[in-house]
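Novice: Take a look at the following structure, please.
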């Protein structure tokens, strides 16, 4: 066990040693009584531009567990935590009659397969898209004006949608497995700083190497990763999964971890046609907003903007009115807005940054919450709702893969168009001036306008009428949930383990990876290694 000492506020630039010393002093712990210490998390507090500080938490292991408990009992800023490493446990007794399989090789599928492989299960992974190198070639080719692939794109392929993103690991879940996931990512090539930063990121450039290393580890242990292999059917007998079909082949399986991501609409439709339990869930839609990174930095840091001791500025804003939320999501400092569709004749935007975050612009999704009441409430009505927006954008862009765009001022006036822009957009396929009311529902555009007004009072850059909006942002989360039982199986099919974002149980790389670990452990409670 160890003590986490939180709330250690110090000037920016304070070294790790001084942070640890200040934490021990704050907790009343003598340095000689601490057997081991380290930085747990470091975040930036820029609320007062004349006094920007770091706020840290520090862990300390003492010689006496009893003394650890006493300190935590009398100090509000100290908490006892278990720092022992996570070790998956095999307790299943059933001998599998088919393969232990994983569908999808994004964060959830990768970590499920990694944990299973290291426990001796030799899983087989089915990934509909290509390996990360072939995928990168196909995606960048499309961005440069080439053809679009509905199977290998920003959403589908090795690494999942996160491969073409900022590689953020921020999450709202307070799960000890987050530490396990972060440590494994560092082992596979991610920067070590993700272990201590409160808002860690890997960057799209580094993440591509990490996912290859995870795959290599799985295959070295006897696992198998099959690319260009979409699960076309799930074969069920007597309420239990017994196989999957793909590429004209039927493969016997005893367990299938379904980690297909939030954009596998054809998989959702296949499952719905088979009567597998599913339900609609809330999500959000809107557009990407681009500012110069310099204007974001000035808004956050004031006269200290440009200080090399400060990180590249990032933000997260939200506002709710009458039960409807508008918020920023997936903010990408120093990044670009990228084409992110998974279907032909549609337009979707997303954000992406490299690890250095050194691009001229910053972008973020500006989105409005959508509930089943807004789109009809049927299981797949959310899919249809989003698909209509994406196809309307394609038409508004002249039936091209360019994206509809508008400056903030023109959008606020309800006219649309690119008027006196202060930022040069980065969308690779180009943009077409457009009135967003022709693409997005009125309740979305109305709330976006409200949000821009509110956010402009919190950050000066949001008052810039020349900032650029590019639409639509529609892949914030899955429009469906695949409910599961206490043993983590699907409500309706034994041996089917819904996992990650596509199942409605995660909201980013970290939470999806953690869910993948949990689903692997669920399989290990049911089956012996093959």
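In this note's numbering, the protein residues as written are 388 to 917.
Glycine included, C-beta positions come from ideal geometry on N, C-alpha and C.
Being a predicted model, the structure only gives us computed values, none of them experimental.
Closest to residue 551 by CA distance: which of 878, 465, 805 and 590 is it?
Specialist: One-based indexing of the chain shown puts residue 551 at position 164. Ranking the options by Cα distance to residue 551, first place goes to 590.
Novice: Note down the Cα distance separating residue 886 from residue 623, rounded to an integer number of angstroms.
Specialist: Here residue 886 refers to the residue found at position 499 of the chain shown. Here residue 623 refers to the residue found at position 236 of the chain shown. Distance between the alpha carbons of residue 886 and residue 623: 18 Å.
Novice: Within its chain, find whatever has a CB closer than 6 Å to the CB of residue 749; leave out the 5 residues flanking it on each side and keep chain order.
Specialist: Position 362 of the chain shown, counting from 1, holds the residue named residue 749. Answer for residue 749: 678, 680, 683 and 720, listed in chain order.
Novice: Count the C-beta pairs between the region 746 to 762 and the region 700 to 711 that are closer than 8 Å, then say yes if the count reaches three, no if not.
Specialist: Flag = yes, the region 746 to 762 and the region 700 to 711 touch.
Novice: For residue 795 and residue 804, what's the separation of their Cα atoms in angstroms?
Specialist: On the chain shown, residue 795 is found 408 positions in, with the first residue counted as 1. On the chain shown, residue 804 is found 417 positions in, with the first residue counted as 1. About 9 Å.
Novice: Around the Cβ of residue 502, are there at least 16 other Cβ atoms within 10 angstroms (buried) or fewer (exposed)?
Specialist: Numbered from 1 along the chain shown, position 115 holds the residue referred to as residue 502. With 16 or more Cβ atoms within 10 Å of its Cβ, residue 502 is classed as buried.
Novice: Buried or exposed: where does residue 420 fall if 16 or more other Cβ atoms within 10 Å of its Cβ makes it buried?
Specialist: Locating residue 420 in the chain shown gives position 33, where the first residue counts as 1. Under this definition residue 420 is an exposed residue.
Novice: If you count every other CB in all the chains shown that lies within 10 Å of the CB of residue 547, and 16 or more means buried, which is it?
Specialist: On the chain shown, position 160 is the one that residue 547 refers to. It counts as buried.
Novice: For residue 744, which of 736, 760, 723 and 764 has the nearest alpha-carbon?
Specialist: If you number the chain shown from 1, residue 744 lands on position 357. Nearest C-alpha to residue 744: 723.
Novice: Whole angstroms are fine: how far does the CA of residue 394 sit from the CA of residue 463?
Specialist: Translated into positions along the chain shown, residue 463 becomes position 76. Translated into positions along the chain shown, residue 394 becomes position 7. So the alpha carbons of these two residues sit roughly 10 Å apart.
Novice: With a CB to CB cut of under 6 Å and the five nearest residues on each side skipped, what residues in its chain are close to residue 396?
Specialist: Indexing the chain shown from 1 puts residue 396 at position 9. Within the same chain, residue 396 has close Cβ partners 440 and 442.
Novice: Would you call residue 625 buried or exposed, if buried means 16 or more other Cβ atoms sit within 10 Å of its Cβ?
Specialist: Within the chain shown, residue 625 is the residue found at index 238, counting from 1. Result: exposed.
Novice: Quick one: residues in its chain with C-beta nearer than 6 Å to the C-beta of residue 620, no 5 flanking neighbours on either side, listed in chain order?
Specialist: Against the chain shown, residue 620 aligns to sequence position 233. Excluding sequence neighbours, residue 620 sits near 632.
Novice: Cα separation between residue 490 and residue 741?
Specialist: Locating residue 490 in the chain shown gives position 103, where the first residue counts as 1. Locating residue 741 in the chain shown gives position 354, where the first residue counts as 1. Answer to the nearest angstrom: the Cα atoms are 28 Å apart.
Novice: For the beta strand (DSSP E) containing residue 681, name the first residue and the last one.
Specialist: As a working mapping, residue 681 is identified with position 294 in the chain shown. Counting along the chain, residue 681 falls outside any beta strand (DSSP E), though it belongs to the alpha helix (DSSP H) covering 680 to 688.
Novice: Tell me, to the nearest whole angstrom, how far the beta carbon of residue 867 is from that of residue 665; I am working on the premise that it is less than 8 Å.
Specialist: Stepping through the chain shown from its first residue, residue 867 is reached at position 480. Stepping through the chain shown from its first residue, residue 665 is reached at position 278. Going by Cβ atoms, the distance from residue 867 to residue 665 rounds to 5 Å, so yes, they are a contact pair.
Novice: Using a C-beta cutoff of 8 Å, does residue 652 count as contacting chain D?
Specialist: Of the protein chains in the structure, only one exists, and it is not chain D.
Novice: Which residue wins for smallest C-alpha separation from residue 493, given the options 700, 483, 519 and 472?
Specialist: Residue 493 sits at position 106 when you count from the first residue of the chain shown. Ranking the options by Cα distance to residue 493, first place goes to 519.
Novice: Within the same chain, show all residues whose beta-carbon is closer than 6 Å to that of residue 907, passing over the 5 residues directly before and after it, in chain order.
Specialist: Position 520 of the chain shown, counted from the first residue, corresponds to residue 907. Here the set comprises 499, 502 and 503.
Novice: CB residue 468 to CB residue 389, shorter than 8 Å?
Specialist: Within the chain shown, the letter at position 81 stands for residue 468. Within the chain shown, the letter at position 2 stands for residue 389. Against a cut-off of 8 Å, the Cβ pair of residue 389 and residue 468 comes out as a contact.
Novice: So what does residue 860 bridge to, in DSSP terms?
Specialist: The count along the chain shown starts at 1 and reaches residue 860 at position 473. In DSSP, residue 860 forms a bridge with 673.
Novice: Just to confirm before moving on: does the CB-CB distance between residue 807 and residue 856 stay below 8 Å?
Specialist: Residue numbering aside, residue 807 sits at position 420 when the chain shown is read from its first letter. Residue numbering aside, residue 856 sits at position 469 when the chain shown is read from its first letter. Cβ distance not < 8 Å, so residue 807 and residue 856 don't count as in contact.
Novice: Hey, quick one: how far does the alpha helix (DSSP H) through residue 539 stretch, first residue to last?
Specialist: Along the chain shown, read from residue 1 onward, the residue named residue 539 stands at position 152. No alpha helix (DSSP H) contains residue 539, which DSSP labels as neither H nor E.
Novice: My output table needs one value for residue 432: the three-state DSSP class, helix, strand or coil.
Specialist: Within the chain shown, the letter at position 45 stands for residue 432. In the structure shown, residue 432 sits in a strand (DSSP, three-state: E or B).
Novice: With a cut-off of 8 Å, do at least 3 Cβ pairs link the region 632 to 646 to the region 884 to 899?
Specialist: They touch, by the three-pair rule.
Novice: How far does the beta strand (DSSP E) with residue 713 in it extend, from its first residue to its last?
Specialist: Indexing the chain shown from 1 puts residue 713 at position 326. Note, residue 713: beta strand (DSSP E), 711 to 719.
Novice: Is it a yes or a no for the region 553 to 568 touching the region 888 to 902, going by three-plus beta-carbon pairs under 8 Å?
Specialist: The region 553 to 568 is in contact with the region 888 to 902.
Novice: Using the Cβ count rule (16 or more neighbours within 10 Å means buried), how would you classify residue 798?
Specialist: Locating residue 798 in the chain shown gives position 411, where the first residue counts as 1. Looking at its Cβ environment, which holds 16 or more other Cβ atoms inside 10 Å, residue 798 is buried.
Novice: Per DSSP, what kind of secondary structure is residue 744 in: helix, strand or coil?
Specialist: Counting from one through the chain shown, the residue named residue 744 turns up at place 357. Of the three classes helix, strand and coil, the one that applies to residue 744 here is coil, per DSSP.
Novice: Under 8 Å by Cβ, that's how I've got residue 860 and residue 673 pegged, so tell me the actual separation to the nearest angstrom.
Specialist: For the purposes of this step, residue 860 is identified with residue 473 of the chain shown, where counting begins at 1. For the purposes of this step, residue 673 is identified with residue 286 of the chain shown, where counting begins at 1. Correct: roughly 5 Å between the Cβ atoms.
Novice: Check this for me: beta carbons of residue 540 and residue 729, under 8 Å apart or not?
Specialist: Position 153 of the chain shown, counted from the first residue, corresponds to residue 540. Position 342 of the chain shown, counted from the first residue, corresponds to residue 729. Yes. Within cutoff.
Novice: How would you label residue 845, buried or exposed, when you count the other beta carbons within 10 angstroms and need 16 or more for buried?
Specialist: Within the chain shown, the letter at position 458 stands for residue 845. Burial call: exposed.
Novice: Determine whether the beta carbon atoms of residue 818 and residue 780 lie at a separation below 8 Å.
Specialist: Translated into the one-based positions of the chain shown, residue 818 becomes position 431. Translated into the one-based positions of the chain shown, residue 780 becomes position 393. Cβ atoms of residue 818 and residue 780: not closer than 8 Å.
Novice: Mark residue 851 as exposed unless 16 or more other C-beta atoms lie within 10 angstroms of its C-beta, in which case mark it buried.
Specialist: Counting from one through the chain shown, the residue named residue 851 turns up at place 464. Counting Cβ neighbours within 10 Å, residue 851 comes out buried, since at least 16 surround it.
Novice: Curious, which full-length beta strand (DSSP E) runs of at least 3 residues does the region 781 to 859 contain?
Specialist: Complete beta strand (DSSP E) runs here, min 3: 790 to 794 and 818 to 820.
Novice: Kindly provide the ranges of any alpha helix (DSSP H) runs that are 4 or more residues long and lie completely inside the region 576 to 637, ordered along the chain.
Specialist: Those alpha helix (DSSP H) runs which fall completely within the region 576 to 637 and span 4+ residues are 591 to 607.
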